[in-house]
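Everything below concerns the one structure shown next.
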Amino acid sequence: MLGDVRVRSRAGFESERRGSHPYIDFRIFHAQSEIEVSVSARNIRRLLSFQRYLRSSRFFRGTTVSNSLNILDDDYNGQAKCMLGKVGNWNFDIFLFDRLTNGNSLVSLTCHLFSLHGLIEYFHLDMVKLRRFLVMIQEDYHSQNPYHNAVHAADVTQAMHCYLREPKLANSVTPWDVLLSLIAAATHDLDHPGVNQPFLIKTNHYLATLYKNTSVLENHHWRSAVGLLRESGLFSHMPLESRKQMETQIGALILATDISRQNEYLSLFRSHLDRGDLCLEDARHRHLVLQEWTGDIEKKYQLGVSPFCDRQTESIANIQIGFMTYLVEPLFTEWARFSNTRLSQTMLGHVGLNKASWKGLQREQPSSEDSEAALEELNS
Ligand SMILES: [Zn+2]
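Residue numbers (the working numbering): 14 to 393.
As structure tokens, this is what we get:
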């Protein structure tokens, strides 16, 4: 989109990526996509995600997507900067920030957080490479995806920053932990196709085959992030061993977003709290705490609900209530045990409000069948 072009041209990036490291281009397995119709053998070898490929093919067909805020004046930039002054606020409005940055919320926010946490100086990062890395991440999210898009990634990254500021964590995390957490948050849904794992398995999608039907999407997000890390060369000045460690640890954080494994992490966290042996000087324990937070959490917004209440809305309400009751609340409760601050109480308060508003949409008690279906959906 125009906003991305603006960022790229300002930083002097090329409009297309030309990588050379070994990389599997999944499009060659994708028999019926529109991609294959026009793709040439040379293009197939190129290092483009689906999202970027579709975008560039739209561009060449002359059908670029229009944006409502193509030209930004200084007022918008000034307001975006002003918002960044409150980036540690739980009520940070990511949608407003996205509009003020012309759809570049993920790039602007993450770049700001890298600077705020002193990561650029500490790790001697090249600003042009960093910017390019973040632009590539943002572009690999599918803008047509109503939920798992770049704004969601920016939202989760901003939430991660809030957790990192909590006194218990802030006093123990290292710059390395902060770096991994921010990258994992920004990339945790990278190149999300907009369908879930059961769908990929049922349709024999190549990703399901590639990852043997296990944490299919999470593995894909992780491997896509590794691809961008290597391609950007952002950490090429670091020893190979450190880079390998980084890739593995980012993987552990992203794989923890697999909702079907949420209980596993929660039980481990809970048992440490019960025994009182959580030692934040221990890197493994710190990473366990961070893993808790890379899970997808509907955290702060009253979810937008259409005013009419039909059968479908009721079913969505059941799923939302089940999600909050069985996944979000237990996690937030344990977090409040671990760090009983204003933030943890606010988070619990927001879940309560969200649940109440969804319950208001249920005209009748859900049947047990509905609840079971909702739970099945959650666990899938
Ligand atoms: Zn997510």
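Don't be surprised by glycine CBs; every beta carbon is placed ideally from N, CA and C.
Three-state secondary structure (DSSP) of residue i
i       : result
Phe-336 : helix
Lys-225 : coil
Val-186 : coil
Arg-355 : helix
Asp-168 : helix
Glu-179 : coil
Met-14  : Here the model assigns Met-14 a pLDDT of 35, short of 50, so the residue's position is not dependable, and the following value carries that caveat. Note: Met-14 maps to coil in three-state DSSP.
Gln-375 : coil
Ala-394 : Within the shown structure, residues of the chain are numbered from 14 to 393, placing residue 394 beyond reach of any answer.
Phe-105 : coil
Pro-343 : helix
Ser-249 : coil
Lys-257 : helix
Cys-292 : coil
Heavy atom of ligand 1 within 7 Å of residue i beta-carbon
i       : result
Val-191 : no
His-165 : yes
Val-186 : no
Asp-202 : yes
His-218 : no
Thr-270 : yes
His-174 : no
Val-302 : no
His-161 : yes
Val-239 : no
Leu-169 : Strictly speaking, residue 169 in this sequence is Val, with Leu absent from that position. Under cutoff, so the answer is yes.
Contact under 8 Å by Cβ, residue i with residue j
i       : j       : result
Thr-359 : Trp-103 : yes
Arg-395 : Phe-248 : Lying before the first or after the last residue shown, residue 395 is absent from the chain, which here runs from 14 to 393.
Leu-119 : Ala-183 : no
Leu-129 : Ser-194 : no
Ser-357 : Trp-371 : no
Arg-299 : Val-169 : no
Ser-352 : Glu-152 : no
Leu-286 : Lys-181 : no
Leu-220 : Ile-272 : no
Pro-394 : Tyr-135 : Absent from the model: residue 394. The displayed extent of the chain is 14 to 393, so no value can be given.
Ala-166 : Asp-204 : no
Ile-214 : Asn-232 : no
Val-364 : Phe-345 : yes
Nearest residue (CA-CA) to residue i, options the options
i       : options                               : result
Val-208 : Leu-230, His-201 and Asn-226          : Leu-230
Ile-332 : Ile-150, Phe-351, His-298 and Asn-367 : Asn-367
Arg-350 : Tyr-219, Val-302 and Glu-277          : Val-302
Gln-171 : Arg-297, Leu-126 and Leu-113          : Leu-126
Pro-343 : Leu-361, Ala-330 and Met-96           : Leu-361
Ile-196 : Ala-369, Lys-225 and Gln-262          : Gln-262
Ile-150 : Arg-243, Arg-274, Gln-375 and Val-364 : Arg-243
Gly-131 : Asp-190, Tyr-89, Cys-95 and Lys-99    : Asp-190
Residue i CB to nearest heavy atom of ligand 2 below 7 Å
i       : result
His-155 : With respect to small molecules bound, the structure shown includes ligand 1 and not ligand 2.
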